[in-house]
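*Asks:*
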Amino acid sequence: MDPSLFSCNSSNYDCPTFLLTGFPGLEASHHWVSIPINLICIISILGNSTILFLIHMDPSLHEPMFIFLSVLAASDLGICASTFPTMVQLFWLGARELSFDLCAAQMFFIHAFTYVESGVLLAMAFDRFVAIRDPLHYASVLTHSTMAKIGAGILVRAVILNIPGPVLLKRLSFPPVSILSHCYCLHCDLVGLACSDTKINSFFGLVSILLSLGIDSTFIVVSYVLILLTVMGIASPEERFKALNTCVSHLCLVLIFYMPKLGLSIMHRVEKHTYPALAVLMANLHFLVPPFMNPIIYCIRSKQIRQGLLRRFWQKRVETS
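The sequence shown begins at 583 in the working numbering and counts up by one.
#1: Check whether the segment 653-671 and the segment 686-703 touch, using three or more Cβ-Cβ pairs below 8 Å as the test.
#2: For Ile816, which three-state DSSP category applies?
#3: Which class does Leu601 belong to by DSSP, given the choice of helix, strand or coil?
#4: With respect to the beta strand (DSSP E) encompassing Ser763, which residues constitute its N-terminal and C-terminal limits?
#5: Expressed to the nearest angstrom, what Euclidean distance is found between the alpha-carbon atoms of Asp716 and Leu659?
#6: Excluding the 5 residues preceding and the 5 following Pro873 in the sequence, name in chain order all residues of the same chain whose CB lies nearer than 7 Å to its CB.
#7: With H, G and I counted as helix, E and B as strand and the rest as coil, what does DSSP make of Ser884?
#8: Return the Cβ separation of Tyr697 and Arg753 in integer angstroms, given the expectation that the two are a contact with Cβ distance under 8 Å.
#9: Whose C-alpha, out of Val807, Asn827, Gly701, Ile637, is nearest the C-alpha of Arg894?
#10: Which residues in the same chain have their Cβ closer than 7 Å to the Cβ of Leu704, if we skip the five residues on either side of it in sequence?
#11: Measuring CB atoms only, is the segment 753-765 touching the segment 774-783, in the sense that at least three cross pairs come out at less than 8 Å?
#12: Give me, in chain order, the residues of the same chain whose beta-carbon lies closer than 6 Å to that of Cys881; leave out the 5 immediate sequence neighbours on both sides.
#13: Could you spell out where the alpha helix (DSSP H) holding Leu718 opens and where it closes?
#14: Please look up how many angstroms separate the CB atoms of Leu680 and Cys767, rounded, as I've assumed it's under 8 Å.
#15: Count the other C-beta atoms from every protein chain shown that fall within 10 angstroms of the C-beta of Leu651, then say buried if there are 16 or more, exposed otherwise.
#16: Starting from the C-beta of Val653, find all residues in its chain whose C-beta is less than 7 Å away, skip the five residues before and the five after it, and write them out in chain order.
#17: Whole angstroms is fine: what's the gap from Cys770's alpha carbon to Met669's?
#18: When we look at the beta-carbon of His613 and count the other beta-carbons within 10 Å, is it buried (16 or more) or exposed?
#19: For Leu680, name the three-state secondary structure that DSSP assigns.
#20: Do you know offhand how far Leu628's Cα is from Ile878's?
#21: To the nearest angstrom, how far is the alpha carbon of Leu793 from that of Asn866?
#22: For Phe682, which residues of its own chain have a beta-carbon under 6 Å away from its beta-carbon, when the five flanking residues on both sides are left out?
#23: Quick check: what's the CA-CA separation for Thr632 versus Pro758?
#24: Which stretch, first to last residue, makes up the alpha helix (DSSP H) that contains Pro758?
#25: For Ala730, does the count of other Cβ atoms within 10 angstroms reach 16, so buried, or fall short, so exposed?
#26: Is the beta carbon of Leu602 closer than 9 Å to that of Gln671?
#27: Secondary structure at Trp614, three-state DSSP: helix, strand or coil?
#28: From Gly735 to Phe839, what does the alpha carbon distance come to, in whole angstroms?
#29: CA-CA distance, Pro819 and Cys829?
#30: What's the C-alpha gap between Val862 and Phe605?
#31: Would you report the Cα separation of Glu699 and Phe756, rounded to the nearest angstrom?
#32: Less than 8 Å between the CB atoms is what I'm expecting for Leu724 and Pro641, so what's the real figure, rounded?
#33: Among Leu835, Trp674, Ile692, Leu811, which has the Cα closest to the Cα of Ala825?
#34: Roughly how many angstroms lie between the CA atoms of Trp896 and Leu643, to the nearest whole one?
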């Protein structure tokens with residue numbers, strides 16, 4: 583391919599094309615490398631779909647914690663639907679090209695669903711705080727109306743914070759062909775490939791992250807500090823353990839969501855160019871591990887989810903026998 587196509591000196595910026603990147607140095611083995619990634623995607627889709635179906639069908643699970651879990655499962659499915667197609671396109675079909683419009687659309691949905699997931703994790707932290715701090719008024723505080731307003735607020739925030747991204751990218755100039763760092767489109771990656779001034783885009787990206795992930799993570803930490811203070815005031819050690827045990831599942835989800843993001847951020851700044859394949863692996867884990875692990879954690883940790891699964895399983899066996 584002509585090297586000038588990758589240069590900002592080229593005069594053709596009308597229809598830029600973006601090339602997806604798999605695992606550098608392992609191009610000949612992409613089919614084999616992608617097998618575990620594809621299995622994770624399939625299990626994630628099946629697991630989160632099962633959680634959604636189970637909560638919808640079982641009236642005993644129509645509680646605030648499980649309703650928030652269903653929204654989390656829906657956002658995980660959205661992340662899978664946003665990232666999985668280009669992974670299949672790259673690893674199995676060998677097709678690397680994406681148009682600007684497709685790339686911008688994928689970027690919007692990936693970031694929007696990520697912000698939704700972050701907001702739901704904050705809502706679940708608030709749910710645990712109310713359940714431990716004021717259990718007698720739990721049902722009156724987290725009513726269905728309140729949860730609907732929280733869910734609508736999370737969704738509206740995700741949309742509002744991500745709409746300017748594709749719009750602002752339209753004003754930038756790109757080389758005719760640009761090579762992405764991953765097998766999907768991310769805002770920071772696209773901004774880094776632009777030939778024109780990106781100060782506005784970078785400022786918007788920073789503000790967007792601070793108003794979503796930054797605020798959410800801060801308030802999650804505050805919630806757990808208040809939870810610990812409340813638990814320390816409980817006289818009985820058994821009651822303390824029981825109260826803290828209700829937070830374990832949610833705390834695992836928080837760590838699984840934020841730790842890969844922190845690792846990816848460090849990787850991009852320290853070792854991205856030294857170990858490019860590792861940077862790509864970290865990026866894939868960042869988007870694949872939370873949807874994969876979330877339903878597994880709740881199936882293992884939640885007695886209500888396990889009982890609901892068993893009821894549906896035995897009901898199915900009785901119907902078929």
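Glycine included, each C-beta is placed from N, C-alpha and C at the ideal position.
*Replies:* Taking the coordinates as given:
#1: yes
#2: coil
#3: strand
#4: Neither: Ser763 is in no beta strand (DSSP E) and is coded neither H nor E.
#5: 33 Å
#6: Ser626, Asn630, Asp658, Ile661, Cys662
#7: coil
#8: No, Tyr697 and Arg753 are not in contact; Cβ-Cβ is about 23 Å, not under 8 Å.
#9: Ile637
#10: Asp798, Phe801, Ile802
#11: yes
#12: Ile887
#13: Careful: Leu718 lies outside any alpha helix (DSSP H) and carries neither H nor E.
#14: 7 Å
#15: buried
#16: Val702, Gly733
#17: 19 Å
#18: exposed
#19: strand
#20: 11 Å
#21: 24 Å
#22: Pro598
#23: 43 Å
#24: No alpha helix (DSSP H) holds Pro758; DSSP gives it neither H nor E.
#25: exposed
#26: yes
#27: helix
#28: 20 Å
#29: 16 Å
#30: 6 Å
#31: 31 Å
#32: Not really, about 17 Å apart at Cβ, beyond 8 Å.
#33: Leu811
#34: 18 Å
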